[in-house]
Amino acid sequence: STHLYSYEVYHSLEEIQSWMHHMNRSHSQLLYLFSIGKSFEERPLFVLQLGKRSKHLKKAVWIDCGIHAREWIGPAFCQWFVKEALQTYHSDPSMRRLLKQLYFYIMPVFNVDGYHYSWTTDRFWRKTRSNSTNFNCHGVDANRNWKVKWSGEGASLHPCADTYCGPVPESEPEVKAVARFLHKHKKQIKAYISFHAYSQMLLYPYSYKDAIIPNFKCVESAAFKAVNALYSVYGIKYKHGPASSILYVTSGSSMDWAYKHGIPYAFAFELRDTGYYGFLLPESLIKPTCTETTLAVKNITNHILKKCP
Amino acid sequence: LLYNNRYDGDQVIRLLPKTEQQVDALKSFHELVKVDFWQPSSILSVKPGVLVDIHVPRNWSEKIFQSLLQAGIDFKILVPDLQGLIEMQSGSRARIRR
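Taken in order, these protein sequences are the chains called A and B.
Quick note on numbering: the first sequence equals residues 58 to 366 in the working numbering.
Quick note on numbering: the second sequence equals residues 8 to 105 in the working numbering.
Structure below.
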């Protein structure tokens with residue numbers, strides 16, 4: 058079934074959801090689909106649990122894609138990673154080991170309403186699609202709606218702004234659902250990885266202050282090895298480091314929230330490219346982008362399992 | 008054409024404000040014309056030395072370019088034909104499917 062669906066084209070939300078259901082039925086040994094809630098427009102928020110079923114509590118890695126609607130390469134990567142894991146389970150010892158040792162919780166489309174809107178109406182939509190009561194504007198920046206340095210630098214309290222942080226933290230049902238899940242499973246989840254585009258960066262906390270995280274050594278080492286592994290595939294260079302220095306200081310993001318709430322290894326990828334195509338990365342570049350990124354994610358996960366406390 | 012050809016004539020430009028005065032000029036201009044920031048995510052994050060990519064609607068391109076020139080801000084056109092790039096993002100079979 059992984060051969061019938063094309064992983065080298067962008068798919069509508071409906072196609073992605075059909076794919077998730079199909080994969081759930083056809084790979085029940087390694088895949089389990091569940092919903093963690095509903096979006097503002099009442100769409101289910103699906104998560105795939107990827108890994109060998111175990112009666113015992115296994116460690117886990119959380120991966121989400123598509124917090125920002127227009128960054129389509131994110132959801133394309135999440136689908137690719139699931140496909141790759143299932144297709145190589147028997148042939149790749151390192152993948153098999155990962156799927157036996159831990160679960161990946163993969164949310165292929167975080168911002169389902171926004172993704173659908175960018176597919177049908179406004180290709181460059183970024184935010185969610187919630188309503189503002191006082192203004193004729195929609196949506197909240199889902200990466201500025203977390204309860205960590207909320208409404209700080211770079212966030213806006215105006216409902217019409219692209220970086221509107223919401224009336225309150227976790228006002229968005231999508232953010233609240235993920236926060237609730239991560240909190241409930243925080244003893245199990247060892248790493249949080251969020252996928253965005255573009256810029257070709259691998260970032261870690263903090264975004265909201267210019268300070269070094271307590272476990273800097275291990276996080277930096279994991280990131281360094283990951284970008285080197287990524288580079289080894291097609292020679293694509295990614296910058297890496299704390300978001301506040303590689304980019305600029307901003308209000309807290311999902312990565313910062315995860316870190317603050319006890320997930321020790323939190324990362325955010327900004328995938329290809331650096332601006333030639335920007336959000337419009339052509340389908341012909343999905344395969345190389347996802348191939349190199351899969352290697353980086355495996356690298357991070359292996360490093361965390363073997364080298365880090 | 009995808010999205011009813013709404014992006015016809017639109018472009019994406021890259022600029023690099025080098026001084027606080029240039030950043031202020033951009034912020035003042037943004038008060039009048041709310042352009043879509045590709046990077047950074049908003050005008051609030053624009054600082055000297057930070058690369059800025061903005062989506063320039065067709066109707067505003069002349070005004071924006073004039074303002075940038077007046078402020079002495081260097082820029083280049085990253086995407087000269089945004090609608091064309093949107094069409095190119097998907098292969099023909101995927102476009103037909105959409």
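Ideal placement from N, C-alpha and C gives every residue a C-beta, glycine not left out.
Query	Result
Quick check on the DSSP output: the alpha helix (DSSP H) that includes B:LEU33 runs from which residue to which?	27 to 39
Cβ of B:VAL40 less than 8 angstroms from any chain A Cβ?	no
Can you round the beta-carbon distance between B:VAL59 and B:LEU89 to whole angstroms, since I take them to be within the 8 angstroms contact cut?	No, B:VAL59 and B:LEU89 are not in contact; Cβ-Cβ is about 17 angstroms, not under 8 angstroms.
Work out the CA separation of B:GLU27 and A:THR346 for me, nearest whole Å.	36 angstroms
Using a Cβ-Cβ cut-off of 6 angstroms (strictly less than) and excluding sequence neighbours within five positions of A:ARG153, which residues of its own chain qualify?	TYR146
Going by the beta-carbon positions, is the gap between A:CYS275 and A:LYS363 smaller than 8 angstroms?	no
DSSP state of A:LYS296, grouped into three classes?	strand
Rounded to whole angstroms, what's the CA-CA distance from B:TRP67 to A:ASN356? Just pull it up for me.	46 angstroms
Of the choices A:THR358, A:THR178, A:TYR221 and A:THR351, whose alpha-carbon is the least far from that of A:VAL139?	A:THR351
Less than 8 angstroms between CB atoms is the rule here; does A:PHE192 satisfy it with respect to chain B?	no
From A:ASP179, A:ASN272, A:MET164 and A:VAL235, pick the residue whose C-alpha is nearest to that of A:LEU105; which is it?	A:MET164
Who pairs with B:ARG21 in a beta bridge, going by DSSP?	B:ASP60 and B:LYS83
Roughly how many angstroms separate the alpha carbons of B:GLY56 and B:PHE82, rounded to a whole number?	13 angstroms
Tell me which same chain residues have a C-beta within less than 6 angstroms of the C-beta of A:GLU317, skipping the five on either side of it?	Strictly speaking, residue 317 of chain A in this sequence is Lys, with Glu absent from that position. Cβ neighbours of A:LYS317 beyond the five flanking positions: VAL205.
Per DSSP, A:HIS68 forms a beta bridge with which residues?	For A:HIS68, which the question treats as bridged, DSSP gives no partner whatsoever.
Closer than 9 angstroms between beta carbons: that is the criterion. Which residues of the region 201 to 227 of chain A meet it against chain B?	ARG201, GLU210, GLY211, ALA212, SER213, CYS217, ALA218, ASP219 and THR220
List the endpoints of the continuous alpha helix (DSSP H) containing A:ASP313.	311 to 317
Residues of chain B with CB closer than 8 angstroms to the CB of A:SER256, please, in chain order.	GLN46
Just how far apart, CA to CA, sit B:GLY98 and B:TYR10?	16 angstroms
Is there contact between the region 104 to 119 of chain A and the region 240 to 249 of chain A, where contact requires at least three CB pairs shorter than 8 angstroms?	yes
My parser needs the beta strand (DSSP E) runs of 3 or more residues fully inside the region 113 to 182 of chain A; what are they?	116 to 122 and 159 to 164
Please look up how many angstroms separate the CB atoms of A:VAL235 and A:ILE120, rounded, as I've assumed it's under 8 angstroms.	Actually they are not in contact, since the Cβ atoms of A:VAL235 and A:ILE120 sit about 12 angstroms apart, beyond 8 angstroms.
Since B:ILE80 meets chain A, which of its residues come closer than 9 angstroms, beta carbon to beta carbon?	Within chain A, no residue comes near B:ILE80; the closest Cβ sits about 17 angstroms away, beyond 9 angstroms.
Residues of chain B with a CB under 8 angstroms from the CB of A:TYR23: which are they?	Residue 23 of chain A lies beyond the range of chain A shown here (58 to 366); nothing can be said about it.
Using C-beta distances below 6 angstroms, list every residue in its chain close to A:TYR249, excluding the 5 sequence neighbours before and after it, in chain order.	TRP119, ALA315, ILE320 and ALA323
Output the boundary residues of the alpha helix (DSSP H) element that contains A:LEU87.	Where A:LEU87 is concerned, there is no enclosing alpha helix (DSSP H), given that its DSSP letter is neither H nor E.
Leaving aside the five residues before and after B:PHE44 along the sequence, list all residues of the same chain whose C-beta is less than 6 angstroms from its C-beta, in chain order.	ILE61
Which residues in chain A have a C-beta closer than 9 angstroms to the C-beta of B:VAL16? List them in chain order.	It should be noted that the sequence gives Gly, not Val, for residue 16 of chain B. Within 9 angstroms Cβ-Cβ: nothing; B:GLY16 doesn't reach chain A, min ~15 angstroms.
Roughly how many whole angstroms lie between the Cα atoms of A:ARG180 and A:SER341?	19 angstroms
Which class does A:LYS109 belong to by DSSP, given the choice of helix, strand or coil?	coil
Using alpha carbons as the reference points, say which of A:ASN81, A:HIS125, A:GLN136 and A:LEU88 lies closest to A:VAL66.	A:GLN136
Name the residue from A:PRO299, A:TRP207 and A:PHE252 whose alpha carbon lies nearest to the alpha carbon of A:ASN272.	A:PRO299
DSSP state of A:PHE324, grouped into three classes?	strand
Residues of chain B with CB under 8 angstroms from A:GLU340, in chain order?	GLN96, SER97, GLY98 and ALA101
Distance, Cα to Cα, B:LYS54 vs B:ALA32?	12 angstroms
In angstroms, rounded to a whole number, what distance separates the CA positions of A:GLU231 and A:TRP207?	16 angstroms
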